[in-house]
Each structure stands twice: as C-alpha cells, then as structure tokens.
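Under the UniProt record's numbering, the first residue of the sequence shown is numbered 1, with each subsequent residue one higher.
Note that CB positions come from ideal geometry on N, CA and C, so glycine has one too.
Model, not experiment: these values are computed from the prediction.
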Amino acid sequence: VIRVIKIAADISERVHSALEQEAVVNAINRSMAIITFNPEGIVLEANENFVNATGYKRDEIIGKHHRLFCAETLYKRDEYRHFWESLNQGEFFSGLFPRLNRQGDPLWFRATYNPVFNSDGQLYKIVKFATDVTADVLRNQREQEAAVHAWDMAVQTRESAQNGANVIENSILMIDRIAQGMGAVSTDISRLNNQSESIDDMVETIRKFAMQTRLIALNAAIEAARAGASGRSFAVVAAEVRNLAASVSSATEEIEQVVASNSQLAKDVLCGIENSLMNTREGVTLMREAG
1 VIRVIKIAAD ISERVHSALE QEAVVNAINR SMAIITFNPE GIVLEANENF VNATGYKRDE
61 IIGKHHRLFC AETLYKRDEY RHFWESLNQG EFFSGLFPRL NRQGDPLWFR ATYNPVFNSD
121 GQLYKIVKFA TDVTADVLRN QREQEAAVHA WDMAVQTRES AQNGANVIEN SILMIDRIAQ
181 GMGAVSTDIS RLNNQSESID DMVETIRKFA MQTRLIALNA AIEAARAGAS GRSFAVVAAE
241 VRNLAASVSS ATEEIEQVVA SNSQLAKDVL CGIENSLMNT REGVTLMREA G
C-alpha cells in the first residue's frame, strides 16, 4: 500500500438539520393527534394521541375510510365530497371539525388537513394535525344553551309581566265602571231618600188635617147634641166624619211607619255603597301603584 486516500464531505449541517426536524416531529407527535390518509381518504397511519381521542385501537382504523369518524348526515352531503376533491387538488383546510368517537359520541377537533406531495409533485398523502377540543366545545354549547334558556325565561317573564299589567289595567277599568255604576245607584238612592223625606212632610200634613177633622167632627157632635132632635142627622154626619178622620189617622200612621222603614233602609244601603266606593277607590289606587 503506497497511500490511503480519504474522500469525505462535511454533512454536519445536514445531520443537524435532520435531527432538528426529527425533534420537531417528535414534539408535534407528543402534543397533537395525527392521522394520515391516502388521497382516497383511506387511513394509512394514526398516532397514539389520535387513537386515544377516538377510542379506537390502531388496527381498527388502519385501512378504513375517513367516513368512520363522521356522522352519516355529514358524509352523505355534497360538501363532504367537495372537501375531498379540494384536498386532492392541493388545498388545505383548517378549522373546527365535528366527528364521532368509537361510541358514536360527539368529538370535536380543531385541526388542519395538509396535502403532502412527493418529489415529482404528485399528491401521495394527506396529514391531519388535530387537537381534541371536545370538552371546550361542549362546555360552550352548554353555556350557550343556558344563555338561550335564560333569554327565553326573561322573555317569558317580560310577557307574563306585560300580561299581568294588562290584566291589572283591565281590572282597573272594570272597577272604575263598577264604581261609576255604584255612584249612579248612590245618587238614585239619595234621591229616593229625599223623596222619602218629602213623603214624611206630606204624611205630617195629612195627620194635621185628620186631627183638625176629628176636632171639627167632635165640635159638630157637641152642637148636634145641644140641638136635640133637630140635630140628629147632623150628629150622624159628624160621627161618620169622625170615623173617617180616625181611619185617615190610622192609615197615615201605617204610611209613616213604611216610609220610616224605607228611609232607614235607604240610608243603610247608601252607607254601604259609600263604604264600597271608598274601598273600590283604594283598591284601584293600589293596583295602579302595583302596575
């Protein structure tokens, strides 16, 4: 051997870059759920985070279509077909995606679908990087449902309050009409009471006339007795007049009793109506303050 020739190239930078890329991939693999599909949507590989999130075992999803993780109402829509057509054209997607786990329960991923091309520029796989945000989404949904429920309750409460106010207002109007009617009745009873007092005056006048008539009849009887036989016919007339005066006096007393009873009844009714009117006005005032 005359000599040994070493032919070498410095690849330190490339090795360092490869190690750095591997470290980044490992970091992503530890923190995110990753699944790989071929262009037709068939699962090629899935990491531990993804199978843990979905509840499947790795061998249960390898070779299965992406539809496995979707609701039937989703993958039968035209949008789902357009989604895969766009991926095959090199478009990437990012956002919040609803999926299903192994038990069929809702699963939400915040993810990106990334088309990957080979050195010839041909699409050969699609990599999905995802984060399981199911807990956050479900919590937000519950909060939104609670907010909607609270809003509905507030609307119902407002409607109930408005209905209550309408009922109170209608009740006030009705009570006002009743009060007006009671006021009219009170006026009529007051007039009736005044008429009863007028009747009392007339009865008193009749009583005086009857008393005077009885006195006249008594005087006539005395004069007839003095006249003797010639005054007998006059005595008969005087007796009839006296009897008539007695009947008038008796009838007058009965009328007086009836009028007095009616007058007292009218006063009692009038007092009751006035008390009712006072209570009604107080009730209307309270209802207006409450409304």
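When the Cα of S276 is compared with those of E45, I255, I175, which residue comes out closest? If you compare the alpha carbons of E45, I255, I175 with that of S276, the shortest gap goes to I175.
Of the residues N166, N243, Q180, the one placed nearest M211, counting alpha carbons only: N243
Under a Cβ-count criterion, where at least 16 other Cβ atoms within 10 Å of its own Cβ denotes burial, should Y113 be classed as buried or exposed? buried
Rounded to whole angstroms, what's the CA-CA distance from A33 to E145? Just pull it up for me. Between A33 and E145, the C-alpha separation is close to 29 Å.
Around the C-beta of T157, are 16 or more other C-beta atoms found within 10 angstroms, so that it is buried, or is it exposed? exposed
Tell me whether A71 sits in a helix, a strand or coil according to DSSP, three-state version. coil
Find out if the Cβ-Cβ distance for the pair K128, N38 is shorter than 9 Å. no
Who are the Cβ neighbours of Q103 in its own chain at under 8 Å, not counting the five residues just before and after it? G55
Determine the direct distance from the alpha carbon of F69 to that of N101, and round the result to whole angstroms. 7 Å
Coil, strand or helix - N29 by DSSP: helix
Return the bridge partner residues of W65 from the DSSP annotation. For clarity, residue 65 is His in the given sequence; the question names Trp instead. H65 is bridged to I42.
Got a sec, what are the start and stop residues for the beta strand (DSSP E) D132 sits in? Unbroken beta strand (DSSP E) run through D132: 123-132.
From T73, A46, A130, pick the residue whose C-alpha is nearest to that of F97; which is it? A130
Could you check which residue in D59, R30, A53 has the C-alpha nearest to that of V43? D59
Does the separation of the CB atoms of L138 and P106 fall below 9 Å? yes
Strictly under 9 Å for the Cβ-Cβ distance: is N52 near chain B by that measure? Of the protein chains in this structure there is only one, and it is not chain B.
Go to residue 292, then tell me how far its beta strand (DSSP E) extends in each direction, as first and last residue. Any question about residue 292 goes unanswered here, given that the chain covers just 1 to 291.
Judging by CA-CA distance, which residue of R110, G121, L123, P115 is the nearest neighbour of D136? R110
Would you tell me roughly how many angstroms separate the C-alpha atoms of F93 and L87, rounded to the nearest one? 8 Å
Check this for me: beta carbons of T280 and I178, under 9 Å apart or not? yes
Can you say whether W108 is buried or exposed, counting buried as having 16 or more other CB atoms within 10 angstroms of its CB? buried
Among S247, N163, N118, whose alpha-carbon lies nearest the alpha-carbon of T213? S247
For A165, is the classification buried or exposed, using 16 other Cβ atoms within 10 angstroms of its Cβ as the cut-off for buried? exposed
Coil, strand or helix - I34 by DSSP: strand
Check whether F50 and I62 have beta carbons under 9 Å apart: no
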